[in-house]
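**Q**
There are 2 protein chains.
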Amino acid sequence: MATGRLERVRRRASDASVAALLVTNLSNIRWLTGFSGSAGMLLVTGERAVLTSDGRYRTQAAEQVRSAEVDDVVEVVIGGVVAQREAIAAALGPGQTVGLEADSVSWSDQRRWAEALEHHELVPTQALVETERTVKDTGELARMERAAAIADEALARVVGLLAGAGRGEPVPDGMGGGPLSERRFAAALDNAMRELGSEEPAFETIVASGENSAKPHARPGDRLIMPGDAVVVDFGATFDGYRSDMTRTFSVGGAPTGELARVFDVVLDAQRTGVGAVAPGVVAGRVDEACREVITAAGWGERFEHGTGHGVGLDIHEAPSVGPGSTAILEEGTVATVEPGVYLAGVGGVRIEDTLVVTADGSRPLTNFTKDVAV
Amino acid sequence: MATGRLERVRRRASDASVAALLVTNLSNIRWLTGFSGSAGMLLVTGERAVLTSDGRYRTQAAEQVRSAEVDDVVEVVIGGVVAQREAIAAALGPGQTVGLEADSVSWSDQRRWAEALEHHELVPTQALVETERTVKDTGELARMERAAAIADEALARVVGLLAGAGRGEPVPDGMGGGPLSERRFAAALDNAMRELGSEEPAFETIVASGENSAKPHARPGDRLIMPGDAVVVDFGATFDGYRSDMTRTFSVGGAPTGELARVFDVVLDAQRTGVGAVAPGVVAGRVDEACREVITAAGWGERFEHGTGHGVGLDIHEAPSVGPGSTAILEEGTVATVEPGVYLAGVGGVRIEDTLVVTADGSRPLTNFTKDVAV
Chain A
1 MATGRLERVR RRASDASVAA LLVTNLSNIR WLTGFSGSAG MLLVTGERAV
51 LTSDGRYRTQ AAEQVRSAEV DDVVEVVIGG VVAQREAIAA ALGPGQTVGL
101 EADSVSWSDQ RRWAEALEHH ELVPTQALVE TERTVKDTGE LARMERAAAI
151 ADEALARVVG LLAGAGRGEP VPDGMGGGPL SERRFAAALD NAMRELGSEE
201 PAFETIVASG ENSAKPHARP GDRLIMPGDA VVVDFGATFD GYRSDMTRTF
251 SVGGAPTGEL ARVFDVVLDA QRTGVGAVAP GVVAGRVDEA CREVITAAGW
301 GERFEHGTGH GVGLDIHEAP SVGPGSTAIL EEGTVATVEP GVYLAGVGGV
351 RIEDTLVVTA DGSRPLTNFT KDVAV
Chain V
376 MATGRLERVR RRASDASVAA LLVTNLSNIR WLTGFSGSAG MLLVTGERAV
426 LTSDGRYRTQ AAEQVRSAEV DDVVEVVIGG VVAQREAIAA ALGPGQTVGL
476 EADSVSWSDQ RRWAEALEHH ELVPTQALVE TERTVKDTGE LARMERAAAI
526 ADEALARVVG LLAGAGRGEP VPDGMGGGPL SERRFAAALD NAMRELGSEE
576 PAFETIVASG ENSAKPHARP GDRLIMPGDA VVVDFGATFD GYRSDMTRTF
626 SVGGAPTGEL ARVFDVVLDA QRTGVGAVAP GVVAGRVDEA CREVITAAGW
676 GERFEHGTGH GVGLDIHEAP SVGPGSTAIL EEGTVATVEP GVYLAGVGGV
726 RIEDTLVVTA DGSRPLTNFT KDVAV
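These protein sequence lines are chains A and V, in that order. If you're matching positions, the first sequence starts at 1 in the numbering used here and goes up one per residue. If you're matching positions, the second sequence starts at 376 in the numbering used here and goes up one per residue.
#1: Would you report the Cα separation of G649 (chain V) and V732 (chain V), rounded to the nearest angstrom?
#2: Cα-Cα, which of A:P94, A:G93 and A:D109 is closest to L100 (chain A)?
#3: What in chain A is Cβ-close to V480 (chain V), meaning under 8 angstroms?
#4: Which residues, in order along the region 338-365 of chain A, keep a beta-carbon less than 9 angstroms from a beta-carbon of chain V?
#5: With H, G and I counted as helix, E and B as strand and the rest as coil, what does DSSP make of I581 (chain V)?
#6: Nearest to A673 (chain V) by alpha carbon, out of V:A703, V:D640 and V:I691?
#7: For the 8 angstroms Cβ check, are there 3 or more pairs between the region 56-63 of chain A and the region 120-138 of chain A?
#8: Using a 10 Å radius around the Cβ and a threshold of 16 neighbouring Cβ atoms, would you call I329 (chain A) buried or exposed?
#9: Could you give the DSSP three-state label for E728 (chain V): helix, strand or coil?
#10: According to the Cβ coordinates, are A630 (chain V) and A436 (chain V) closer than 7 angstroms?
#11: Please report the distance separating the alpha-carbon of T709 (chain V) from that of G651 (chain V).
#12: In terms of residues, what are the limits of the alpha helix (DSSP H) holding D762 (chain V)?
#13: Taking the alpha-carbon of D229 (chain A) as reference, which of A:F235, A:T257, A:A237 and A:A218 has the nearest alpha-carbon?
#14: Any residues in the region 537-549 of chain V with a beta carbon nearer than 9 angstroms to a beta carbon of chain A? Which ones, in chain order?
#15: Between A270 (chain A) and P340 (chain A), is the Cβ-Cβ spacing less than 7 angstroms?
#16: Give the residues from the region 291-323 of chain A that approach chain V closer than 8 angstroms (Cβ to any Cβ), ordered along the chain.
#17: Residues of chain A with CB closer than 7 angstroms to the CB of L475 (chain V), please, in chain order.
#18: Please go through the same chain and pick out, in chain order, the residues whose beta-carbon is closer than 8 angstroms to the beta-carbon of V158 (chain A), but skip the five residues on each side of it.
#19: For a test of the three-state rule: what should DSSP assign to F744 (chain V), helix, strand or coil?
#20: Counting only beta-carbon atoms, is H495 (chain V) nearer than 7 angstroms to chain A?
#21: Report back the beta-carbon spacing between T622 (chain V) and E575 (chain V) to the nearest angstrom; my notes put them in contact at under 8 angstroms.
#22: Taking 8 angstroms as the limit between beta carbons, can you name the residues of its chain near G596 (chain V), skipping five residues before and five after?
#23: P124 (chain A) CB to nearest chain V CB: under 7 angstroms?
#24: Put L503 (chain V) into one of helix, strand or coil per three-state DSSP.
#25: So is the beta-carbon of S251 (chain A) under 6 angstroms away from any non-hydrogen atom of the ligand NAP?
#26: Since S411 (chain V) and G721 (chain V) should fall inside the 8 angstroms C-beta cutoff, what is the C-beta to C-beta distance between them, to a whole number of angstroms?
#27: Report all residues from its chain with a CB closer than 7 angstroms to the CB of L643 (chain V); omit the five preceding and five following residues, and keep chain order.
#28: Under the three-state reduction of DSSP, which class applies to G686 (chain V): helix, strand or coil?
#29: Let me check one thing: in DSSP terms, what residues is I463 (chain V) bridge-paired to?
#30: What are the start and end residues of the beta strand (DSSP E) that includes L417 (chain V)?
#31: Ignore the nearest five residues each way along the sequence and tell me which others in D447 (chain V)'s own chain have a CB closer than 7 angstroms to its CB.
#32: When the Cα of I600 (chain V) is compared with those of V:S584, V:G611, V:A589 and V:D729, which residue comes out closest?
#33: Give the range of the alpha helix (DSSP H) segment to which D390 (chain V) is assigned.
#34: From G468 (chain V) to V452 (chain V), what does the alpha carbon distance come to, in whole angstroms?
#35: Mind checking if R431 (chain V) is an interface residue toward chain B, Cβ cutoff 7 angstroms exclusive?
#36: Tell me where the alpha helix (DSSP H) around M621 (chain V) begins and ends.
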């Protein structure tokens, strides 16, 4: 699965005048070697790749590196933190410049390395590996499609609970009976994803109903879901480390009315327009602009309080950013979200999001749940 | 709730020759101000406390700071990252030495600050706030007791599933029927905690059965729980930000037999001995030693592959460490775990853990679920 990745990162390191790159971001380590443990380091030099971790991961590291089909030999060193640092220092050529991932390494660790590697120059690097990760290969896309399909199916299994709340019905006895709160709906969705093979929620599932729907970052609480509510459901599954991300907003108890109906229309239109702007060679900021123009024309430009989207993969938020002024160029195989929203205090909020892969002539959604809003 | 905390941290900063401390660890910010958002910074000078965050948290930051009853005025500044940095720079006295939390600030951010604060000396600090957090006040203990009680009750609700698996019964229809996997048991436990008011699992719940029980860091998988299995269940609840941590190991289908029976006996004995060693004034390393002596005497010293415990609070792992050579002194009000384990490949593993608060004359467990192992 990981063929060619080390070579691509070596080229980027070389372009950054770095002879050896010390990778400490765990998602970057996983992408380069297959190793998914919670602790470890990876040194990539022109000739070698040395992965270190502790005794908990002795078997796992060896197995994962083998099954990842990395094109080079990845040497695995298991030991305490001191032994790991010594192995990395020993693998460096004399006086080699060493890149540290400045966004993930702590100042403490940088100081430790500066002391341990006093005859080497330490250079801060940014996004060397992350940039290579934005274009997904077929194995990665297969995992992301699986994660997205699990999320679609899980939502299909539980959306009836919202319809039930719209009719004033209690939740089924098998789920404990009683009224449906945001928290219970989130739990039902998380359980359905787990039953369908998701390793963990891609992030903390958001279920925001009624007045809470107007808060883009609400966490699910004890509020009961009522007829007439807008309910924002923003969630994803994880399959073999890869994540999906989708938002649907439902109108509970039938079609929305009044100003809320217009918010639904505008956001759906903005999302469709944003998706239509996605294609290879397009600047990511243009996708944001396309969404924002629709919402601004409707008079709610100020109520679209966040960026339009972000890359997704091993991390739920990764490169490229899809926001105002984003300069990243979309390429075939880039995976990113398009998720405009409008949030009106006293009325409610609507956000609609798909995860898309950029194709030769546009894009293809990985998330496919219906956008019919009435339940 | 937060009375006196800023003053205590000011004293520590002063002892470290730091005129102003920039707090970037989010748990430290929460402990000092009550603010629980996912982004923000806090500058503590001799006279002022300036909390910054972004627009998402405008209402929340103001409300939480007010209800935390911090003894000083905490000024709240809301804005973009640049505006936040400027507000912090403006709050510094001329030439003041600024402490940065070196374990939590990234090298990138340290470099940004070094540039922005070129007329100030930046000093790396470690554990200034964390050390103050080890002794819990009554409000914190009440929250932790509540989290631990939720976890106890949740386990009581679902432990019958293990007994059912021991009799070869499927799980009840209301839960979907079929056999009981590690993953399903973990889901049932997480759901029970959520229903009982836990905000989120204190960490990813561990359910490790049969051969998996011999791996201290196993993640719950599709393995089915069978009669004769040892099942390690390591989990906790979260209440108002505070976490609990408890491990029980069950013998499914009745009392354990053969070597596994002896492992259970030895670990229970070690845990009891470790708990007995906890008292104010005791060096944390001594508690580890007490556990380890029992296990070593049984011939399994090498199979106790981790430290005996750790502090718990807003973070699931915090100071003090309770491991070989730990030099922290336990004080009345310190909360920490005691969790020895023995892991024998081919036989199984057993870990028993309680979260304790140090009292005037010993300790009191916050976690109280029975240690009867047969289900």
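Beta carbons are placed, not taken as given, at the ideal position from N, Cα and C, and that holds for glycine. Note that the coordinates shown come from a computational prediction; the quantities given were computed from them, not determined experimentally.
**A** Based on what the coordinates show:
#1: In a straight line, the C-alpha of G649 (chain V) is about 13 angstroms away from that of V732 (chain V).
#2: Among A:P94, A:G93 and A:D109, the Cα nearest to that of L100 (chain A) is on A:D109.
#3: The CB of V480 (chain V) comes closer than 8 angstroms to the CB of S106 and W107 in chain A, given here in chain order.
#4: So nothing in the stretch comes that close.
#5: Strand at I581 (chain V).
#6: With distances taken between CA atoms, A673 (chain V) lies nearest to V:D640 out of V:A703, V:D640 and V:I691.
#7: By the Cβ rule, the region 56-63 of chain A does not count as touching the region 120-138 of chain A, because fewer than three pairs are nearer than 8 angstroms.
#8: I329 (chain A) sits exposed, since fewer than 16 C-beta atoms from the chains shown fall within 10 Å of its C-beta.
#9: Three-state DSSP puts E728 (chain V) in a strand.
#10: No, they are not a contact pair.
#11: Rounded to whole angstroms, T709 (chain V) to G651 (chain V) spans 15 angstroms at the Cα level.
#12: Not covered by the structure: residue 762 (chain V). The range shown for chain V is 376 to 750.
#13: Here the closest residue by C-alpha is A:T257.
#14: Residues P547, D548 and G549.
#15: The Cβ atoms of A270 (chain A) and P340 (chain A) sit closer than 7 angstroms to each other.
#16: Cβ proximity to chain V below 8 angstroms picks out E305 from the region 291-323 of chain A.
#17: Chain A residues near L475 (chain V): W107.
#18: In chain order, F185, A188, L189 and A192 place their CB closer than 8 angstroms to the CB of V158 (chain A), counting only its own chain and leaving out the 5 sequence neighbours on each side.
#19: It is coil, neither helix nor strand.
#20: Nearest CB-CB separation between H495 (chain V) and chain A: not below the 7 angstroms threshold.
#21: No, T622 (chain V) and E575 (chain V) are not in contact; Cβ-Cβ is about 19 angstroms, not under 8 angstroms.
#22: So the list reads S556, E557, R558 and N587, once near-sequence residues are dropped.
#23: Yes - at least one Cβ of chain V is within 7 angstroms of the one on P124 (chain A).
#24: Here L503 (chain V) sits in helix by DSSP.
#25: In the structure on display, the ligand NAP does not appear, and there are no ligands present to speak of.
#26: Contact between S411 (chain V) and G721 (chain V) does not hold, since the beta-carbon distance rounds to 45 angstroms and is not under 8 angstroms.
#27: Here the set comprises I727 and K746.
#28: Correct three-state label for G686 (chain V): strand.
#29: In the DSSP output, where bridge partners are listed per residue, I463 (chain V) has none listed.
#30: It spans M416 to T420 - the beta strand (DSSP E) in which L417 (chain V) sits, taken as one unbroken run.
#31: Answer for D447 (chain V): L381 and A424, listed in chain order.
#32: Ranking the options by Cα distance to I600 (chain V), first place goes to V:S584.
#33: That run of the alpha helix (DSSP H) goes R380 to D390.
#34: Roughly 18 angstroms between the two C-alpha positions.
#35: Of the protein chains in this structure, namely A and V, none is chain B.
#36: Per DSSP, M621 (chain V) belongs to no alpha helix (DSSP H); it is in the beta strand (DSSP E), M621 to S626.
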